[in-house]
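Peer 1:
Number of protein chains: 2
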Amino acid sequence: MGKVYLVGAGPGDPELLTLKAARLLEEADVVLHDSLVGLGVGERISASAQVIDVGKRCGRKLLTQDEINALLVTYAASHDVVVRLKGGDPSIFGRAGEELEALRKAKVEFEIVPGVTAALGAAAAAGISLTDRRLASQILFATFSRRPEANAMDWGCLSPATTLVLYMPGPEYAEVARRLAEAGLPGDLPCAIVSSASGLRQQVRWTSVGGLSTEEKLPAPALIIVGRVASQQILEINDEFWRAERSDPPPQRLSVI
Amino acid sequence: MGKVYLVGAGPGDPELLTLKAARLLEEADVVLHDSLVGLGVGERISASAQVIDVGKRCGRKLLTQDEINALLVTYAASHDVVVRLKGGDPSIFGRAGEELEALRKAKVEFEIVPGVTAALGAAAAAGISLTDRRLASQILFATFSRRPEANAMDWGCLSPATTLVLYMPGPEYAEVARRLAEAGLPGDLPCAIVSSASGLRQQVRWTSVGGLSTEEKLPAPALIIVGRVASQQILEINDEFWRAERSDPPPQRLSVI
Numbered sequence: 001m002g003k004v005y006l007v008g009a010g011p012g013d014p015e016l017l018t019l020k021a022a023r024l025l026e027e028a029d030v031v032l033h034d035s036l037v038g039l040g041v042g043e044r045i046s047a048s049a050q051v052i053d054v055g056k057r058c059g060r061k062l063l064t065q066d067e068i069n070a071l072l073v074t075y076a077a078s079h080d081v082v083v084r085l086k087g088g089d090p091s092i093f094g095r096a097g098e099e100l101e102a103l104r105k106a107k108v109e110f111e112i113v114p115g116v117t118a119a120l121g122a123a124a125a126a127g128i129s130l131t132d133r134r135l136a137s138q139i140l141f142a143t144f145s146r147r148p149e150a151n152a153m154d155w156g157c158l159s160p161a162t163t164l165v166l167y168m169p170g171p172e173y174a175e176v177a178r179r180l181a182e183a184g185l186p187g188d189l190p191c192a193i194v195s196s197a198s199g200l201r202q203q204v205r206w207t208s209v210g211g212l213s214t215e216e217k218l219p220a221p222a223l224i225i226v227g228r229v230a231s232q233q234i235l236e237i238n239d240e241f242w243r244a245e246r247s248d249p250p251p252q253r254l255s256v257i
Numbered sequence: 001m002g003k004v005y006l007v008g009a010g011p012g013d014p015e016l017l018t019l020k021a022a023r024l025l026e027e028a029d030v031v032l033h034d035s036l037v038g039l040g041v042g043e044r045i046s047a048s049a050q051v052i053d054v055g056k057r058c059g060r061k062l063l064t065q066d067e068i069n070a071l072l073v074t075y076a077a078s079h080d081v082v083v084r085l086k087g088g089d090p091s092i093f094g095r096a097g098e099e100l101e102a103l104r105k106a107k108v109e110f111e112i113v114p115g116v117t118a119a120l121g122a123a124a125a126a127g128i129s130l131t132d133r134r135l136a137s138q139i140l141f142a143t144f145s146r147r148p149e150a151n152a153m154d155w156g157c158l159s160p161a162t163t164l165v166l167y168m169p170g171p172e173y174a175e176v177a178r179r180l181a182e183a184g185l186p187g188d189l190p191c192a193i194v195s196s197a198s199g200l201r202q203q204v205r206w207t208s209v210g211g212l213s214t215e216e217k218l219p220a221p222a223l224i225i226v227g228r229v230a231s232q233q234i235l236e237i238n239d240e241f242w243r244a245e246r247s248d249p250p251p252q253r254l255s256v257i
């Protein structure tokens with residue numbers, strides 16, 4: 001019996017693979033990867049490895065989740081090093097849960113190798129801190145669904161001190177904007193749309209909850225950062241913060257995070 | 001004028017550095033690092049580089065944030081490659097905001113190099129998916145403060161479908177448990193305490209919101225994962241989910257995330 005490694009491939013730039021992920025791709029006998037994984041990352045896979053694309057293409061699934069689970073168990077029975085390569089980090093919106101369950105049930109040894117999740121690639125691309133302590137004290141990672149019955153997004157909790165990172169927002173920005181407004185977020189709250197973070201086609205658009213609905217759609221993979229940190233005008237906000245803090249420093253504000 | 005790279009060092013294991021971080025540590029003329037950065041990571045720094053520990057030791061700050069900001073600007077004036085190395089990812093609870101502001105004001109070129117944040121290292125250590133789609137649809141990253149006036153933690157929003165990752169929980173688990181219960185979380189909601197994720201001294205403890213108060217304190221760096229995904233009994237929960245889904249599959253539940 002071999003071992004299955006659930007490996008995060010990072011946000012796109014092959015240099016954002018971890019050293020461990022790069023080593024495992026060189027050692028792998030079999031690599032099962034999502035289509036989201038960048039082409040440059042694929043070049044790091046050993047030439048002798050069997051490579052299987054299990055992802056989606058143009059909305060059409062190549063393999064069902066059950067089929068992927070079964071493949072992992074089957075390959076582990078006859079190969080030493082099986083790498084399941086996922087975009088970003090395996091434990092964030094990567095459906096690792098079902099694969100882990102299948103491996104546990106089949107008593108196949110496994111290990112999760114964490115990676116740089118898309119939100120961190122996007123924050124780096126935008127040059128912002130998601131938890132700038134003067135503006136934000138917590139971060140919510142969520143996805144967007146257009147289905148009205150979706151109770152998955154519990155955005156009622158969003159406070160001005162929360163940075164929201166919306167994975168896979170889809171092309172309906174107007175719908176996203178409407179839902180954010182319904183959740184009580186002000187129209188002038190900044191947003192940054194980041195497409196292909198860290199990749200060759202990286203794009204960043206600066207807008208606001210109100211302006212989002214008329215923004216040009218950026219190609220997937222994309223995500224939207226919503227919150228006071230998602231602004232190019234952050235310098236001015238910071239100046240105000242520091243003036244207030246320096247003129248009369250309330251000790252409790254110094255350690256907000 | 002040189003360039004300053006704000007580089008994430010990952011959760012501890014030096015193999016969880018990105019390829020880009022490893023390259024920059026080899027090329028660096030100066031490295032300013034936090035104490036949280038693991039020793040093995042330090043070994044990757046070029047022997048010719050000037051290395052400065054700007055972190056905290058035993059609660060005592062070696063340098064103030066203003067002094068660190070000033071050092072970054074000063075070194076960039078006379079060195080080509082200045083690396084500011086931070087534990088985890090720079091944009092998550094790393095005070096990168098203030099350093100970015102100082103660099104922008106001084107017109108110093110900078111780049112953020114994202115890393116594997118501690119929550120992802122902890123999820124990998126515990127062998128769980130933070131967003132297992134059968135149990136969780138969003139993740140909240142927050143910190144814990146014992147100050148009663150702290151409005152930073154807006155935990156009122158926590159739903160059973162939210163996974164909470166609590167960075168830097170401190171040693172007062174009973175206080176954390178009390179605040180979680182006050183936020184409406186049930187006593188039997190699972191928790192995992194992860195200490196030194198991915199490092200040589202990694203430890204994982206499985207408990208619950210109710211049980212947290214009497215748990216043995218684990219050494220820092222530690223974090224607490226709270227939510228239905230943070231359980232070793234996840235297999236049984238999953239079985240129930242699948243039975244329900246397979247007997248009468250409502251199409252909308254298949255794409256919760």
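Chains as they are written, first to last, in my numbering: chain A, 1 to 257; chain B, 1 to 257.
Beta carbons are placed, not taken as given, at the ideal position from N, Cα and C, and that holds for glycine.
Keep in mind the model is a prediction, meaning the values are calculated, not measured.
What residue range does the alpha helix (DSSP H) around Q65(A) cover?
Peer 2: Q65(A) -> alpha helix (DSSP H) spans 65-78.
Peer 1: Leaving out the 5 sequence neighbours to the left and right, which residues in its chain are closer than 6 Å to I68(B) when beta-carbon positions are compared?
Peer 2: Correct list, in chain order: V54.
Peer 1: Is there at least one Cβ from chain A nearer than 8 Å to V113(B)'s Cβ?
Peer 2: Output row for V113(B): interface = yes.
Peer 1: What is the DSSP secondary structure of A150(A), counted as helix, strand or coil?
Peer 2: The predicted model places A150(A) with a pLDDT of 47, which falls under 50 and marks its position as unreliable, so this point remains unresolved.
Peer 1: Measure the CB-CB distance between S195(A) and P219(A) and report whether it falls below 8 Å.
Peer 2: Yes; because the gap between Cβ atoms is below 8 Å, this pair is in contact.
Peer 1: Is it buried or exposed, D13(B), if we count other Cβ atoms within 10 angstroms and call 16 or more buried?
Peer 2: Flag for D13(B) reads buried.
Peer 1: Using the Cα positions of S78(A) and L72(A), report the straight-line distance between them to the nearest angstrom.
Peer 2: So the two alpha carbons sit approximately 11 Å from each other.
Peer 1: Which residue or residues does DSSP assign as beta-bridge partners of Y5(B)?
Peer 2: Answer is V83(B), E111(B).
Peer 1: Would you mind giving the Cβ-Cβ distance between S198(A) and L16(A), rounded to the nearest angstrom? I have them listed as a contact below 8 Å.
Peer 2: Right, their Cβ atoms sit about 6 Å apart.
Peer 1: Is there contact between the segment 38-53 of chain B and the segment 31-45 of chain A, where contact requires at least three CB pairs shorter than 8 Å?
Peer 2: At 8 Å Cβ cutoff, the stretches do not touch.
Peer 1: Within 10 angstroms of its Cβ, does P221(B) collect 16 or more other Cβ (buried), or is it exposed?
Peer 2: When all chains shown are included, P221(B) counts as buried.
Peer 1: Please report whether the beta-carbon of A152(A) lies at a distance below 8 Å from any beta-carbon of chain B.
Peer 2: Note that A152(A) scores a pLDDT of 43, beneath 50, so its modelled location is shaky; the value from the coordinates is reported in the next line. Taking Cβ atoms only, chain B reaches closer than 8 Å to A152(A), which makes this a yes.
Peer 1: Between which two residues does the beta strand (DSSP E) harbouring L17(A) extend?
Peer 2: Premise fails: L17(A) is in no beta strand (DSSP E) and is neither H nor E.
Peer 1: DSSP puts I52(A) in a beta bridge; with which residues?
Peer 2: In DSSP, I52(A) forms a bridge with L32(A).
Peer 1: If you follow the beta strand (DSSP E) that A222(B) is in, where does it begin and where does it stop?
Peer 2: Here the beta strand (DSSP E) through A222(B) covers 222-226.
Peer 1: Would you please verify whether the beta carbon of F144(B) is less than 8 Å from any beta carbon of chain A?
Peer 2: Closer than 8 Å: no.
Peer 1: Can the beta-carbon of T117(B) be found closer than 8 Å to that of G88(B)?
Peer 2: Yes, these two residues count as a Cβ contact at 8 Å.
Peer 1: Excluding the 5 residues flanking F110(B) on each side, which residues of the same chain have their C-beta closer than 6 Å to its C-beta?
Peer 2: Result list for F110(B): V4, L103, in chain order.
Peer 1: Which same chain residues, not among the five before or five after T163(B), have their C-beta less than 6 Å away from its C-beta?
Peer 2: Cβ neighbours of T163(B) beyond the five flanking positions: L130, A136, I139, G227, V229.
Peer 1: Hey, Y173(A) and S231(A) are a contact pair by Cβ (cut 8 Å); roughly how many whole angstroms apart?
Peer 2: About 18 Å; that fails the 8 Å criterion.
Peer 1: Return yes when the Cβ of L24(A) is within less than 8 Å of the Cβ of V37(A), no when it is not.
Peer 2: Contact flag unset, no.
Peer 1: Just to make sure I have the definition right: I need the residues of chain B whose C-beta is within less than 8 Å of the C-beta of E15(A). Which are they?
Peer 2: By Cβ distance, chain B contributes T18, L19, K20, R23.
Peer 1: Would you identify the three-state DSSP class for S137(B), choosing helix, strand or coil?
Peer 2: The answer is coil: DSSP assigns S137(B) none of H, G, I, E or B.
Peer 1: May I ask you to report which of helix, strand or coil DSSP gives G211(B)?
Peer 2: DSSP places G211(B) in helix when its eight states are reduced to three.
Peer 1: Measure how close the beta-carbons of G2(A) and D66(A) come, nearest whole angstrom, since I'm counting them as under 8 Å.
Peer 2: Contact flag wrong, Cβ pair sits at about 21 Å.
Peer 1: Excluding the 5 residues flanking E98(A) on each side, which residues of the same chain have their C-beta closer than 8 Å to its C-beta?
Peer 2: Q65, N69.
Peer 1: Chain B beta carbons: is any one of them nearer than 8 Å to that of Q138(A)?
Peer 2: Closer than 8 Å to some Cβ of chain B, the Cβ of Q138(A) qualifies, so yes.
Peer 1: Cβ of L19(B) within 8 Å of Cβ of L85(B)?
Peer 2: It is not a contact, given that the beta carbons lie outside the stated cut-off.
Peer 1: Determine whether the beta carbon atoms of A142(B) and A192(B) lie at a separation below 8 Å.
Peer 2: Against a cut-off of 8 Å, the Cβ pair of A192(B) and A142(B) comes out as no contact.
Peer 1: With DSSP as the reference, identify every bridge partner of R205(A), one or two as the case may be.
Peer 2: R205(A) is bridged to I193(A).
Peer 1: Which residue from Q233(B), A123(B), A177(B) puts its Cα closest to that of E215(B)?
Peer 2: The shortest C-alpha separation from E215(B) is found at A177(B).
Peer 1: From the DSSP secondary-structure annotation, give me the bridge partner or partners of L166(A).
Peer 2: Bridge partners of L166(A): A142(A), I224(A).
Peer 1: Which same chain residues end up closer than 8 Å to N151(B) when comparing Cβ atoms and leaving out the 5 residues on each side of it in sequence?
Peer 2: Unreliable placement is indicated for N151(B), whose pLDDT of 43 sits below 50; no coordinate value is reported for it.
Peer 1: Tell me the residue span of the alpha helix (DSSP H) that contains L39(A).
Peer 2: Looking at the DSSP string, the run of the alpha helix (DSSP H) that includes L39(A) is 39-42.
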